[in-house]
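Peer 1: Take a look at this one; I'll ask things after.
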Ligand SMILES: C/C(=C\CNc1ncnc2c1ncn2[C@@H]1O[C@H](COP(=O)(O)O)[C@@H](O)[C@H]1O)CO
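Numbering (UniProt numbering), first residue to last: 1 to 258.
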């Protein structure tokens, strides 16, 4: 081993690994990262999407894990403040806060805005889980804690994971999608003791009739599945059903007024 050979023997440390001589790479990892002029097609490839999906879960879990007891409120994105469902959703938001819950919505307009407004004005925690849509609507003004999602399925996980129950007001296909996902999760035992309250007897009656007269009659569902949702026009009653279901979740009852 000559002195010359020893001097030529360059060394490169890569974390815990030491490379010497011809093993030393021509560039460092940082250089390769920062100097890269390669095409960016990988941005649109599935492995990169997987990382973005993971990042959304991390962001959602990180933001909501310490929220405390919460209930999600769903309903039409299209109604204006003079619609009866808007007033009802405001009352739901406020009543849920008075019962000790944070209120989670999709963070958009209509029923979502009304429920966030009711919650915020009652002094509670008002959460909006927004979704990236081709037409941007942004979070409504009454959201205090907002998380925006690219992926519907990640956002849906958050609603279920951080809610003790769902309150569903009149709405269109988005609302029905959220409602039937919850019903499916309860029916298949993926979630237990999860109250689903439908507000607005008149709006929901034809759907519930069809479920009984067609789905049940054709043997597509079981008799007990009819009990997976309860309907009322009385906001206070709906909120009471959610509070009463706490015991089934093994959660401590709320002390009234606290
Ligand atoms: C269509 C309009 C706004 C869209 N903005 C939305 N922002 C957040 N969440 C939304 C939005 N639209 C639908 N949702 C989700 O679906 C439910 C309402 O859908 P529906 O078809 O109106 O019933 C709602 O609970 C949200 O979670 C108006 O300009």
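Backbone N, C-alpha and C fix where the C-beta goes; we use that ideal spot for every residue, glycine too.
The structure presented is a predicted model; accordingly, all values stated were derived computationally and were not measured.
Cβ of residue 148 within 8 Å of Cβ of residue 136?
Peer 2: No, they are not a contact pair.
Peer 1: Could you tell me whether any non-hydrogen atom of ligand 1 is closer than 7 Å to the CB of residue 196?
Peer 2: It does not: the Cβ of residue 196 is nowhere closer than 7 Å to a heavy atom of ligand 1.
Peer 1: May I ask you to report which of helix, strand or coil DSSP gives residue 27?
Peer 2: In the structure shown, residue 27 sits in coil (DSSP, three-state: anything other than H, G, I, E or B).
Peer 1: May I ask you to check if the CB of residue 131 is nearer than 7 Å to at least one heavy atom of ligand 1?
Peer 2: Yes.
Peer 1: Jot down the residue ranges of each uninterrupted beta strand (DSSP E) in the segment 73-113, minimum 3 residues, whole runs only, in chain order.
Peer 2: Listed in chain order, they are 102-105.
Peer 1: Within 10 Å of its beta-carbon, does residue 258 have 16 or more other beta-carbons around it, so buried, or fewer, so exposed?
Peer 2: Caution applies to residue 258, whose pLDDT of 44 falls short of 50 and renders its modelled position unreliable; the model cannot decide the point.
Peer 1: I need the DSSP call for residue 232, collapsed to helix, strand or coil.
Peer 2: In this structure, residue 232 counts as strand in the three-state DSSP scheme.
Peer 1: On a Cα-Cα basis, can you pick out the residue from 128, 152, 103 that is closest to residue 141?
Peer 2: Of the listed residues, the one whose Cα sits closest to residue 141 is 128.
Peer 1: Sorry if obvious, but does the Cβ on residue 114 come closer than 7 Å to a heavy atom of ligand 1?
Peer 2: No, ligand 1 has no heavy atom inside 7 Å of this Cβ.
Peer 1: Give every residue of the same chain whose Cβ lies closer than 7 Å to the Cβ of residue 229, excluding the five residues on either side of it in the sequence, and list them in chain order.
Peer 2: So the qualifying residues of the chain are 183, 196, 198.
Peer 1: I need the straight-line Cα distance from residue 66 to residue 34, nearest angstrom please.
Peer 2: Cα to Cα, the separation comes out at about 37 Å.
Peer 1: Excluding the 5 residues flanking residue 72 on each side, which residues of the same chain have their C-beta closer than 6 Å to its C-beta?
Peer 2: Same-chain partners within the cutoff: 104, 159, 163, 166.
Peer 1: Only counting the same chain, and skipping five residues up and downstream in sequence, which positions put a Cβ closer than 6 Å to that of residue 254?
Peer 2: Contacts found: 100.
Peer 1: Taking the alpha-carbon positions, what's the residue 47 to residue 54 distance?
Peer 2: When rounded, the distance between both Cα atoms is 11 Å.
Peer 1: Candidates 249, 242, 251: which alpha carbon is nearest residue 96's?
Peer 2: The option with the nearest alpha carbon to residue 96 is 242.
Peer 1: Relative to the alpha-carbon of residue 232, which residue among 88, 62, 51, 37 has its alpha-carbon at the smallest distance?
Peer 2: The residue with the shortest Cα to Cα distance from residue 232 is 88.
Peer 1: I want to check one thing, is the minimum distance from the CB of residue 76 to the heavy atoms of ligand 1 below 7 Å?
Peer 2: Result yes, Cβ under 7 Å from ligand 1.
Peer 1: Apart from the five residues just before and just after residue 117, which ones in its own chain have a Cβ nearer than 7 Å to its Cβ?
Peer 2: Answer for residue 117: 90, 93, 142, listed in chain order.
Peer 1: Since residue 196 is in the beta strand (DSSP E), which residue starts that stretch and which ends it?
Peer 2: Residues 196-199.
Peer 1: Can residue 173 be considered in contact with ligand 1, in the sense that its beta carbon sits closer than 7 Å to one or more heavy atoms?
Peer 2: Checking the Cβ of residue 173 against ligand 1 gives yes.
Peer 1: So what does DSSP say about residue 149, is it helix, strand or coil?
Peer 2: In this structure, residue 149 counts as strand in the three-state DSSP scheme.
Peer 1: Give every residue of the same chain whose Cβ lies closer than 7 Å to the Cβ of residue 109, excluding the five residues on either side of it in the sequence, and list them in chain order.
Peer 2: Same-chain partners within the cutoff: 77, 137, 140.
Peer 1: From the DSSP output, in three-state form, read off residue 190 for me.
Peer 2: Coil.
Peer 1: Can you name, in chain order, every residue of its own chain whose Cβ lies under 7 Å from the Cβ of residue 185, other than the five neighbours on each side?
Peer 2: Contacts found: 160, 191.
Peer 1: Candidates 49, 29, 146: which alpha carbon is nearest residue 62's?
Peer 2: Closest option to residue 62, Cα to Cα, is 146.
Peer 1: Assuming residue 143 is part of the beta strand (DSSP E), what are its boundary residues?
Peer 2: Per DSSP, residue 143 belongs to no beta strand (DSSP E) and is neither H nor E.
Peer 1: Bridge partners of residue 166, per DSSP?
Peer 2: Answer is 72, 196.
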